[in-house]
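K.L.:
In the numbering used here, the protein residues as written are 1 to 294.
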Ligand code: NAP
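#1: Could you tell me the distance, in whole angstroms, from the CA atom of residue 56 to the CA atom of residue 191?
#2: Helix, strand or coil, according to DSSP, for residue 38 in the structure here?
#3: Give me the Cα-Cα distance between residue 134 and residue 202, rounded to the nearest whole angstrom.
#4: Given a threshold of 16 other Cβ atoms within 10 Å of its Cβ, counted over all protein chains shown, does residue 254 qualify as buried or as exposed?
#5: Hey, out of 215, 75, 40, whose CA is closest to residue 64's CA?
#6: Measure the C-alpha to C-alpha separation of residue 177 and residue 61 and round it to an integer number of angstroms.
#7: Under the DSSP definition of a beta bridge, which residues are partnered with residue 82?
#8: Starting from the Cα of residue 229, find the closest Cα among 171, 139, 167, 185 and give me that residue.
#9: Take residue 120 and list the residues in its own chain whose beta-carbon comes closer than 6 Å to its own, dropping the five residues that flank it on each side.
#10: From residue 231 to residue 112, what does the alpha carbon distance come to, in whole angstroms?
#11: What are the start and end residues of the alpha helix (DSSP H) that includes residue 17?
#12: Does the distance from the CB of residue 198 to the CB of residue 250 come in under 8 Å?
#13: Taking C-alpha atoms, which residue in 261, 241, 36, 208 lies nearest to residue 5?
#14: How far does the alpha helix (DSSP H) with residue 99 in it reach, from first residue to last?
#15: Tell me the DSSP secondary structure of residue 156 in three-state form.
#16: Using the C-alpha atoms, what's the distance from residue 246 back to residue 204?
#17: For a test of your reading of the model: does the CB of residue 37 fall under 7 Å from any non-hydrogen atom of the ligand NAP? Yes or no.
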């Protein structure tokens with residue numbers, strides 16, 4: 001392939017809007033810097049069994065960078081030559097940078113989430129007590145980010161006790177002196193009134209992807225003020241966000257997180273600050289989703 005190549009690998013990948021976002025940002029960069037005119041971001045459907053071979057091949061072909069999406073983020077973690085220290089406790093990588101020694105792995109999801117929350121809700125993770133819903137891969141990244149940014153306190157609520165306990169064990173080394181509590185979603189109802197005012201609720205469960213999914217939490221039980229960030233962006237208006245809006249709580253969907261993790265990945269590959277490419281990515285992402293930009 002001529003020029004400089006980037007790619008996203010996933011299974012499935014066909015609905016990914018990352019190529020639209022990244023190629024829009026590269027086109028924007030090329031307007032003022034000709035070197036980006038022959039950069040291109042591709043998408044490849046890769047079965048998990050084929051990931052090691054694909055990574056070896058793309059490295060041999062000198063792809064400048066790779067993004068990884070479901071289910072490759074965890075598999076790739078053990079397949080890279082070096083890991084960014086901030087990504088180590090997450091146990092997953094979503095961005096790889098070509099180096100002569102092999103792939104250098106990063107995780108830009110936490111940056112994406114923190115930046116989107118600041119932009120859409122005006123909240124800093126370092127200043128908000130947080131209720132994180134979920135204990136899967138996305139919750140792990142979110143929990144590490146909240147603790148690394150020094151949130152005042154972190155509650156985690158999950159449907160299944162076992163996965164909740166696994167996440168709490170993973171977060172312990174990053175916890176420092178930050179109060180960290182775990183509850184099941186079932187028992188959250190009885191405890192919700194004890195949570196502090198000013199809470200930032202982050203939904204990292206997949207409840208909300210379908211209209212028929214149960215609400216992970218009854219937001220009316222929370223002390224005010226509170227704000228809600230849902231990592232889900234398709235659909236953009238989950239039942240949780242509708243409930244938040246109905247209660248007058250500030251709320252935002254997860255498209256901003258996708259945009260900012262992408263801008264940070266492009267910064268790793270190009271050195272161009274993420275803030276410079278995020279607007280082009282945002283326009284492309286909103287257009288791809290059929291949404292208007294606020
Ligand atoms: P995952 O590893 O499969 O974890 C799923 C989580 O959702 C688990 O905690 C699971 O609880 C919980 N859950 C599933 N169905 C539920 C239900 N009906 N009621 C309550 N809890 C339920 O998935 P993931 O990779 O962490 O992704 C989670 C969500 O984040 C997805 O919707 C994904 O689209 C979104 N996400 C968005 C971005 C972005 O850029 N905006 C990035 C990453 C992920 P159990 O432990 O009880 O099964």
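Beta carbons are placed, not taken as given, at the ideal position from N, Cα and C, and that holds for glycine.
P.N.:
Reading from the atomic positions:
#1: 49 Å
#2: helix
#3: 9 Å
#4: buried
#5: 40
#6: 46 Å
#7: 104
#8: 139
#9: 252, 256
#10: 10 Å
#11: Careful: residue 17 lies outside any alpha helix (DSSP H) and carries neither H nor E.
#12: no
#13: 36
#14: Not the alpha helix (DSSP H): residue 99 falls in the beta strand (DSSP E), residues 95-99.
#15: strand
#16: 21 Å
#17: no
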